[in-house]
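Chemist: First residue of the sequence shown? That's 15 in our numbering, and the numbers climb one at a time after it. Quick one: structure below, then a few questions.
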Amino acid sequence: METIGWIGTGIMGNSMCAHLLDAGYSCCIFNRTEEKEKQLIAKGAVPCASPAEVASRSDIIFTMVGYPSDVQQVYFDSAKGCLSADVKGKVLVDMTTTEPKLAKEIFLRAVGKGASSLDAPVSGGDRGAREATLSIMVGGDEKVFERILPLFQIMGKSVIYEGPAGSGQHTKMANQIVISGTMIGVCEAMVYARRAGLDVTRMLRTIGGGAAGCWTLDNLAPRVVKGDFNPGFMIDHFVKDMKIAIDESKAMGLNLPGLKLVCSIYEGLAADGKGRLGTQSLVKAIDSLAF
Ligand code: NAP
């Protein structure tokens, strides 16, 4: 069996790497905060001192960090980055949600070192990562995709090849544009229902069975009812994604007013110190006292 490298063992990466360990793969791991490696080490993962060490000890290297700047550091740092190691014949797979242009840059630099890369962001949230039901959207060479497919299938239930490098990230941007709309719709409906005196849980069950049914309604609305505003998916990460989507759409000559509106409301929450809360906290921007 090939040795797996895993960099970034946060909310998503921890569960995803755990599935590969459970499937019998040996994993070399690295995370900026060592504390977050503990659960995986207890399962048999081998801790490394840097992304470069992970890359030199593994055949297929997955990254699941936070922001584009984290991805740049993990891949391009001249002393400690993955691409500073000898990666000839290896595959680098970035599953972070990041910029399509950065995915293309990683691809070109990897090819320059005799390696290959895929951009493979995911959707399905913390629950999808825990339950291995993620939707995985992949850009890069199709032959490399086929080689990595069995590993993706351990982490997700829908794994789709989207096209050349950057196409996975563009698909993820389309996903985030939809999510921005469903988040605002679900939160406004909940505030409305509470003000109208409805039993909110019953309302969610009722409309979830009709045309309003969606992942946000099923997974995040019940957390709001319980007063659970922990991340799941952090506001700061969602703002990062919406800004990438706004920049990409601008570069294509598009104006997406709905996306911009939702992004500005989330930016207000982040400015108010709520950036590390879950995205369901959008409800607080609509009515801070309703839930
Ligand atoms: P997270 O909990 O913050 O995990 C990111 C992990 O990467 C953290 O453990 C972080 O270390 C580590 N990291 C960041 N920069 C690093 C670096 N330079 N070197 C080594 N480790 C580094 O975030 P997450 O929720 O798992 O999300 C990860 C990515 O997936 C984000 O791009 C997010 O937008 C995307 N995503 C998230 C969800 C979701 O529902 N959570 C769903 C789909 C996609 P520290 O502990 O030191 O910060």
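Idealized CB from N, CA, C, for every residue including glycine.
Please report the straight-line C-alpha distance between residue 185 and residue 176, rounded to a whole angstrom.
Modeler: Going from the Cα of residue 185 to the Cα of residue 176 covers about 7 Å.
Chemist: Regarding residue 45 and ligand 1, is the C-beta to nearest heavy atom distance less than 8 Å?
Modeler: Checking every heavy atom of ligand 1 against the Cβ of residue 45, one is found closer than 8 Å.
Chemist: Can you give me the Cβ contacts of residue 112 inside the same chain, cut-off strictly under 8 Å, excluding the 5 residues immediately before and after it?
Modeler: Once the five neighbours on either side are set aside, the close Cβ partners of residue 112 are 81, 82, 85, 133, 135, 183, 258.
Chemist: Using only the alpha-carbon positions, how far apart do residue 43 and residue 37 sit?
Modeler: Cα to Cα, residue 43 sits roughly 16 Å from residue 37.
Chemist: Please indicate yes or no: does the CB of residue 280 lie closer than 8 Å to some heavy atom of ligand 1?
Modeler: No, the Cβ of residue 280 stays beyond 8 Å of every heavy atom of ligand 1.
Chemist: Mind checking whether the beta-carbon of residue 87 lies closer than 8 Å to any heavy atom of ligand 1?
Modeler: Within the cutoff, so yes.
Chemist: I need the straight-line Cα distance from residue 261 to residue 189, nearest angstrom please.
Modeler: Rounded to whole angstroms, residue 261 to residue 189 spans 15 Å at the Cα level.
Chemist: Residues in its own chain within less than 7 Å of residue 181 by CB, not counting five upstream and five downstream?
Modeler: Excluding sequence neighbours, residue 181 sits near 153.
Chemist: Check each candidate in 147, 220, 157, 274 and name the one with the smallest Cα separation from residue 167.
Modeler: Residue 167 has its Cα closest to that of 147, out of 147, 220, 157, 274.
Chemist: Kindly indicate which residue of 23, 206, 246 has the alpha-carbon position closest to the one of residue 46.
Modeler: Among 23, 206, 246, the Cα nearest to that of residue 46 is on 23.
Chemist: Quick check: what's the CA-CA separation for residue 54 versus residue 222?
Modeler: The straight-line gap from Cα to Cα measures roughly 36 Å.
Chemist: So does residue 50 have its beta carbon nearer than 8 Å to some heavy atom of ligand 1?
Modeler: Flag set: Cβ of residue 50 near ligand 1.
Chemist: Please classify residue 69: is it buried, with 16 or more other beta-carbons within 10 angstroms of its beta-carbon, or exposed?
Modeler: With 16 or more Cβ atoms within 10 Å of its Cβ, residue 69 is classed as buried.
Chemist: Distance, Cα to Cα, residue 245 vs residue 207?
Modeler: Taking the straight line joining both Cα atoms gives about 24 Å.
Chemist: Is any heavy atom in ligand 1 found nearer than 8 Å to the beta carbon of residue 197?
Modeler: Answer for residue 197: no, Cβ out of range of ligand 1.
Chemist: Is there at least one non-hydrogen atom of ligand 1 closer than 8 Å to the beta-carbon of residue 81?
Modeler: Answer for residue 81: yes, Cβ within range of ligand 1.
Chemist: When you compare only the Cα positions, how much space is there between residue 32 and residue 294?
Modeler: About 26 Å.
Chemist: In angstroms, rounded to a whole number, what distance separates the CA positions of residue 215 and residue 302?
Modeler: Distance between the alpha carbons of residue 215 and residue 302: 19 Å.
Chemist: Could you tell me the boundaries of the alpha helix (DSSP H) in which residue 89 lies?
Modeler: Where residue 89 is concerned, the enclosing alpha helix (DSSP H) stretches over 82–90.
Chemist: Taking a contact to mean a Cβ-Cβ separation below 9 Å, would you say residue 194 touches residue 252 in this structure?
Modeler: It is a contact, given that the beta carbons lie within the stated cut-off.
Chemist: Closest to residue 283 by CA distance: which of 250, 73, 256 is it?
Modeler: For residue 283, the nearest C-alpha among the options comes from 250.
Chemist: Which residues mark the beginning and the end of the alpha helix (DSSP H) in which residue 274 is found?
Modeler: Segment 271–283, the alpha helix (DSSP H) holding residue 274.
Chemist: List the DSSP bridge partners of residue 42.
Modeler: Answer is 19, 60, bridged to residue 42.
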